[in-house]
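If you're matching positions, the sequence shown starts at 11 in the numbering used here and goes up one per residue.
Where is the CB? At the ideal position from N, CA and C, for every residue including glycine.
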Amino acid sequence: MLIDPRHGDIEDDAASPGQRSLLAIAGSLLVEISLPKLLFAWTVLLLLPAVLLGLAPLLVSAWFSTLSEKLATLTGIGTALALLAIAAVGWIGWRPLLRIAENNFWSLNALAVQPGYAFTREALRHLTERMWSRKLTADGRARLRSANSVAAGIVLSACAVLIAILAWPASRWTGGWNDLMLLHHLAVPTLANAVLLVSGYLAAASLVWGFADASMPQPVDLAVFDTVLPRGRRWRVAHLSDLHVIAEQYGFRIESGRAGPRGNGRLERILAHLATIHATDPLDHILISGDMTDAGRASEWAAFLDAMARHPELAARTVMLPGNHDINIVDRANPARLDLPFSPNMRLRQIRTLSAMAAVQGDRVHVVDAKGKPAATLQEALAPHRDAIVALAEHGGLRRAAALRDLFDSQFPMIVPPEAAGGLGIAILNSNAETHFSFTNALGLVSVEQTHRLEAAIRHYPEARWIVALHHHVVEYPMQVKAFSERIGTALINGSWFVRRLKALAGRAVVMHGHRHIDWIGACGSLKIISAPSPVMNATDDAATHFYIHTLAAGPDGQLVLLPPERVEIAGEKMS
């Protein structure tokens, strides 16, 4: 054959950063992107929150101005009643106003402020580590990371102060109800207020983040594995990640293109090998830390569930969590494709993921409620929404998507409860930032609300050991990278903050994640971190891949011990 279609062609590499530079992909993106949709998305995600945030001080000022006028002219019963009415309206409206301002503040924070700090920090680290890479020891690299965190905080704080100074003359902080009738006159002051509020926050927060990152234990390679008394309780956990199941027999993955394997044959061999291991030395858990599918398509989930159904003994021990490819890929063939913020497609990808998770682990994991209590199972939590889920899957529509707007986020964290007081529990997190653009699909964020629910849930099991499972890596690994793109836009935006929140669990927990497809075991202080390699990515059909089975054990004083892992090789195969 002149061209063998089973081997693919250039089109299979179109969106692959492994085969094309990000600059080349970005160039294609600029040609293909829908500018009206992009402008609308920016308006909804950035401009509207900024306007609402900047308008909040003027609304508060107008209310207090009216209240003070009434106090100054308080004569007679009518004025007193008017005063009470104004106070009641203000009291009732204050909290919603505060909530709107708060939500929009954190929206801007997640979209612009924290990514700005993370970008600056990683840019400095990348530059300095490349300059002095040959001279750096492990301790020297850790000290350099700390210094760059402080430098990033100072640089960003100085830039924020400069922006605030420039915006101050256009700002306005007081006004009356008459001013609010002419909103077009307040457009510039409102935006200036928002810039000042965000810049002021950034100036202070970046310094706090920088010095906090510098003072925390820096990630280091794990020097030695633990030992444990032979009679201690042990758990064998097979850690898989980034399976990237596709729907075509000869299809390729988005990221690897023709540099990766075709079809799902390697997954079949992985599961068959795992079943053989389990038959001779049983596994307690199989953790799949995200990216079960390549683009979250229904046909991909069907292929994944079919593969699991052929190994029921493995499925009964499997726990999985959402990755960015399951949720955030808008179009696998076109990274310029943009979902509008209220698009039903995002909700559809979310409910596909929840449905698959419920099918595999729905009767074994418990959803943490608003008070932090692991209450209903996932199956029970989704049951009241069954009709709405089916309706969205069958018919789509904005109204049906809006009815399920908070369903996905409210299911996390999920908990696999420990089997006994001092047993091993698994906390399952969603670390995906909600993006609407395939080019930015890899962004990660663990929300403050989810983290608080996690901490509350763990307090219900004070003697338990824990696996904290999420998709994104919480810190950049202490290793040299070839390109800056490998450092930015993939780790958790608030990863350093999240690691500090896990400090209370250090010694009795291990963090397990995927996403980077890199084999790494290390630690931040006493907190051990395990990154899973992808057993199906970055290797052609004839190349071998691998994954690990980790042995965790109960150590003294409630400690969780990590023993040397078992490496499982998956041989390649020559395809015609």
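If you draw a straight line from the Cα of ALA269 to the Cα of SER26, it is about 9 Å long.
Annotation for GLY407: PRO354 place their beta carbon closer than 7 Å to its own, counting only its chain and skipping 5 residues before and after. Bridge pairing for CYS534: PRO229, LEU537 [DSSP]. Looking at the DSSP output, PRO322 shares a beta bridge with no other residue. Of the residues assessed, VAL400 falls on the exposed side of the cut-off, its CB having fewer than 16 other CB atoms within 10 angstroms. Counted as a single uninterrupted DSSP element, the stretch harbouring ALA437 is not any alpha helix (DSSP H) but the beta strand (DSSP E) occupying residues 434 to 438. Counting along the chain, no beta strand (DSSP E) covers ARG469; the unbroken alpha helix (DSSP H) around it starts and ends at 458 to 469.
Sorting LEU232, ARG151, LEU137 by C-alpha distance to the C-alpha of GLY535 places LEU232 at the top. In the DSSP secondary-structure assignment, PHE557 is bridged to VAL578.
DSSP, read as helix, strand or coil, puts PRO384 in strand. In this model, ALA412 and ALA391 are separated by some 18 Å (Cα to Cα).
Excluding the 5 residues flanking it on each side, LEU402 has same chain C-beta neighbours closer than 7 Å at PRO354, ARG357, LEU358, ILE361, ARG410, ALA411, LEU414, in chain order. With contacts defined by Cβ atoms closer than 9 Å, ARG463 and ALA380 form a contacting pair.
One alpha carbon belongs to LEU207, the other to LEU166, and they sit about 15 Å apart. The residue from PRO67, ALA51, THR53, ASP223 with its alpha-carbon nearest to that of TYR127 is ASP223.
Around the beta carbon of HIS405, fewer than 16 other beta carbons lie within 10 angstroms, which makes this residue exposed. Counting C-beta pairs with one atom in each stretch, the region 522 to 537 and the region 256 to 263 have fewer than three that are closer than 8 Å, which means they do not touch. Relative to the Cα of LEU439, the nearest Cα in the group ARG327, HIS481, ALA319, THR450 belongs to HIS481.
Contact holds between the region 337 to 346 and the region 443 to 457, because three or more Cβ pairs, one in each stretch, are under 8 Å apart. Beta-bridge pairing by DSSP links ARG475 to LEU434. Under DSSP, ARG244 takes part in a beta bridge, and its partners are ALA563. Going by C-alpha positions, HIS523 is about 11 Å away from LYS538. By the neighbour-count criterion, in which 16 or more other beta carbons inside 10 Å mark a residue as buried, GLY242 falls on the exposed side. Around the beta carbon of LEU33, fewer than 16 other beta carbons sit within 10 angstroms, so the residue counts as exposed.
Taking the CA atoms as reference points, ALA161 sits about 43 Å from ARG307.
LEU515 has its alpha-carbon roughly 36 Å from the corresponding atom of ALA554.
Taking the CA atoms as reference points, LEU212 sits about 6 Å from ALA170.
In this structure, SER299 is the residue among GLY163, LEU277, SER299 with its C-alpha nearest to the C-alpha of HIS249.
Counting C-beta atoms within 10 angstroms of its own C-beta, GLU132 has 16 or more neighbours from the protein chains shown and is therefore classed as buried. Assignment of ILE298 by DSSP, reduced to helix, strand and coil, places it in the strand class.
Nearest Cα to GLU486 within the set PRO472, ILE503, VAL478: ILE503.
Following the DSSP letters along the chain, one finds ILE425 in no alpha helix (DSSP H) but inside the beta strand (DSSP E) bounded by residues 424 to 426.
Annotation for VAL165: the continuous alpha helix (DSSP H) segment containing it runs 148 to 177. In the displayed model, MET330 falls within a strand according to three-state DSSP. Non-local C-beta neighbours of SER457 in its own chain, meaning closer than 8 Å and more than five positions away in sequence, comprise ASP419, ordered along the chain.
Non-local beta-carbon contacts of ALA312 in its own chain, meaning distances under 8 Å to residues more than five positions away in sequence, involve ALA257 in chain order.
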